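Enquirer:
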Amino acid sequence: IAAPHAFTIADHLEKAANIPVFSNQHHGTAVLILGGLLNALKVAGKNLEDISVVISGAGIAGVGVSRLLVRAGVKRLVVCDRAGAIYKYRPERMNWAKSYIAKETNFDNRRGSLRAMMRGADVFIGLSTGGIVTEEMIASMNDNPIVFGLAIPDPEIDPALAKAAGARVVATGRPDFPNTLDISLVFPGVFRGLLD
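Using the numbering used here, read the sequence shown as starting at 14 and increasing by one per residue.
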């Protein structure tokens, strides 16, 4: 179910059933990204509180990831969709989920394209469309950038190209590439933890 309808359905289901509702795409992706990011930051020699993060994709996964990263302590985070950076009072391509994102992220009210937002960023998290990130965009990021290109079937940038452009840590959502962030690893552990 596409965002923002998925959030409405989950909220109604939680209220009707009086139990928490777990969405693998929403919550599972967020847990996966945070775990991967915490480890990648150690490799890159960076701290969560000091980094600048750009997320491409404002669907159910993008909203979940942005929510968890903000709660974990990321202070500089911009989420982009097809229209570019999401910011307060953006006049086009908004819905209530994107309005929530605008209130919780992008405190500098940055505007512009994904390319512009990636300039000087420490972390890129792709949850959108394959092939939208270029080597030049990676090269424009801060030193030792972290690149998670998780679009399926093709990542936002080929891992070899991201590494060649200077990325310190690269991960994808594909099991045939090295350093896979696989959402199927999250659900069993979370579910077991809930049962215990």
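In this text, a Cβ means the ideal position worked out from N, Cα and C, and glycines have one as well. Since the structure is predicted, the reported quantities are computational estimates derived from the model, not experimental observations.
Reducing DSSP to helix, strand and coil, say where Arg123 ends up.
Expert: On the sequence shown, residue 123 is found 110 positions in, with the first residue counted as 1. Reduced to three states, the DSSP call for Arg123 is coil.
Enquirer: How do the segment 135–142 and the segment 52–65 stand: do at least 3 beta-carbon pairs fall below 8 angstroms, yes or no?
Expert: yes
Enquirer: List the whole-angstrom C-beta distance separating Ile151 from Glu169, where the pair is believed to meet the contact cut-off of C-beta under 8 angstroms.
Expert: Mapped onto the sequence shown, residue 151 falls at position 138. Mapped onto the sequence shown, residue 169 falls at position 156. Rounded, the Cβ-Cβ distance is 10 angstroms, inconsistent with contact.
Enquirer: Just to confirm my understanding: we take Gly179, look at its own chain, exclude 5 residues before and 5 after, and list those with CB closer than 7 angstroms. What are they?
Expert: Counted from its first residue, the sequence shown places residue 179 at position 166. Counting only Cβ-Cβ distances below 7 angstroms, and skipping sequence neighbours, we find Ile151, Ala152 and Pro158.
Enquirer: Is the segment 122–131 close to the segment 98–106, with three or more CB pairs under 8 angstroms?
Expert: yes
Enquirer: I need the DSSP call for Ser65, collapsed to helix, strand or coil.
Expert: Taking the first residue of the sequence shown as position 1, residue 65 is located at position 52. It is a strand residue.
Enquirer: Could you check if Lys111 is buried or exposed, using at least 16 other CB atoms within 10 Å of its CB as the buried criterion?
Expert: In the sequence shown, counting from the first residue as 1, residue 111 sits at position 98. Label assigned to Lys111: buried.
Enquirer: Can you tell me whether Leu82 is buried or exposed, with buried defined as 16 or more other CB within 10 angstroms of its CB?
Expert: Taking the first residue of the sequence shown as 1, we reach residue 82 at position 69. Buried.
Enquirer: Closest by CA to Ser79, which one among Gly58, Glu149 and Leu50?
Expert: Counting from 1 along the sequence shown, the entry for residue 79 is found at position 66. With distances taken between Cα atoms, Ser79 lies closest to Leu50.
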